[in-house]
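Residue numbers (the numbering used here): 771 to 1211.
Set out below in structure tokens:
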């Protein structure tokens, strides 16, 4: 019988992956780089300078330019990252490296995952240079060179895609908060009308036009069962370009006419561009569905619930036979805590529906749900929710921070609890990755 391996002397270094629009963008082409998108500064949201080019979405609509990620959004992630740095370690004189991973949230997620792979290796190499990690044998047989990944929202999708593509040789544990593994209808709202709870409030038409040519948004389209309810004469697969309202193609065609290198047949080029973005996003979703974990207990999946959330998207047939998205409030629901167990799943975190946050590779008995009622009396609950919504506020929730710290430390840290998944049978055993976690009723 093999001898048990002793736990590492120190916690693994950690990388925090923010959600979409969680990184500030700046244009590095000017000698003095300029901020061109910031979640807080409306004057810095230069949509004409961050919109991808229809002829090559890797680059910007208006050239010359060189837009790159700058830093993560401090109001959402600053306190979260500092809590991890301060509390994951057991000794203040032996700090744990916690690195924010700012990335260009406009790009296809495969590109971001490749950049993350390079960053993981960089973090490993930098950690080896810390004396206390060197003395503890980091990189050796008893303390292998690994990192922890913590992802919020789209950051969780990136973590899953990285593991599926590059494997878990360099990853010890993962924690995700409100990750839309099977999508969110708010991604449709963003492209259709320009305003959704997925991102900070914007300027409507300008943000809508920029969203329609932004590849990353299509990776967030819903694919869970019952998410799209289409007229029987219409397709119900949002990854099929025939499913989309004609206004989407019209906007893309307008970009082609105004900025494309080839002005011929703009409608045909628009359809090809939309098809390309949808195809890449669908292939990525299929990859996520194929992800298998050797040990699911290494993944803490935190899901926000008990908030009114858009859970279904009806698609009507317009008089001209085309699709028409019904984004009305009638499909915003919250059945959390209801008597009918089958309907309890009709809930979410205000942005990501519960079924959109459920991952095939995470057993339902391991899901840890949190709700707005988990805010403490000193956390300015109403103010935070009013400004950001529950989804965006998850990293600021003290309970969520303690849950992640507990998972990364391998032991309970402070007063922690959670709620089982709404579709877990009331008599079934709840088995979260944190041993001894209190189950809140």
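Just so it is clear, CB atoms sit at the ideal spot from N, CA and C, and this is done for glycine as well.
It should be emphasised that the depicted structure is a prediction, and the values quoted were computed from it without experimental measurement.
query                                                                                                                              : result
Residues bridged to residue 759 [DSSP beta-bridge criterion]                                                                       : Because the chain spans 771 through 1211 in this model, residue 759 falls outside it and cannot be assessed.
CA nearest to the CA of residue 1009, picked from 891, 957, 938                                                                    : 957
Beta-carbon contacts of residue 1075 that lie in its chain and below 7 Å, excluding the five residues immediately before and after : 1106, 1117, 1118, 1119, 1124, 1139, 1141, 1192
Cβ contact check for the segment 859 to 879 and the segment 830 to 847: 3 or more pairs under 8 Å                                  : yes
Beta carbon of residue 854 nearer than 8 Å to that of residue 1186                                                                 : no
Cβ neighbours of residue 983 in the same chain (closer than 7 Å, five flanking residues each side left out)                        : 821, 822, 824, 827, 1022, 1025
Residue 1086 - containing beta strand (DSSP E), residue span                                                                       : 1083 to 1087
Per DSSP, the bridge partner or partners of residue 839                                                                            : 795
Straight-line gap, residue 1164 to residue 927 (C-alpha atoms, nearest Å)                                                          : 16 Å
Residue 823 - partner residues in DSSP beta bridges                                                                                : 826
Cβ-Cβ distance between residue 796 and residue 788 below 8 Å                                                                       : no
DSSP three-state assignment for residue 875, whether helix, strand or coil                                                         : coil
Contact under 8 Å by Cβ, residue 933 with residue 920                                                                              : no
Beta-carbon proximity check, residue 786 vs residue 847, cutoff 8 Å                                                                : yes
Pair within 8 Å by beta-carbon distance, residue 897 and residue 781                                                               : no
At least three beta-carbon pairs within less than 8 Å, the segment 1041 to 1051 to the segment 1067 to 1074                        : no
8 Å CB neighbourhood of residue 985 in its chain, flanking five on each side removed                                               : 822, 827, 876, 877, 878, 1047, 1050, 1051
For residue 1163, the three-state DSSP class (helix, strand or coil)                                                               : helix
Cβ separation of residue 936 and residue 981, assumed to be a contact under 8 Å, to the nearest whole Å                            : Their Cβ separation, rounded to whole angstroms, is 29 Å, which puts residue 936 and residue 981 out of contact at 8 Å.
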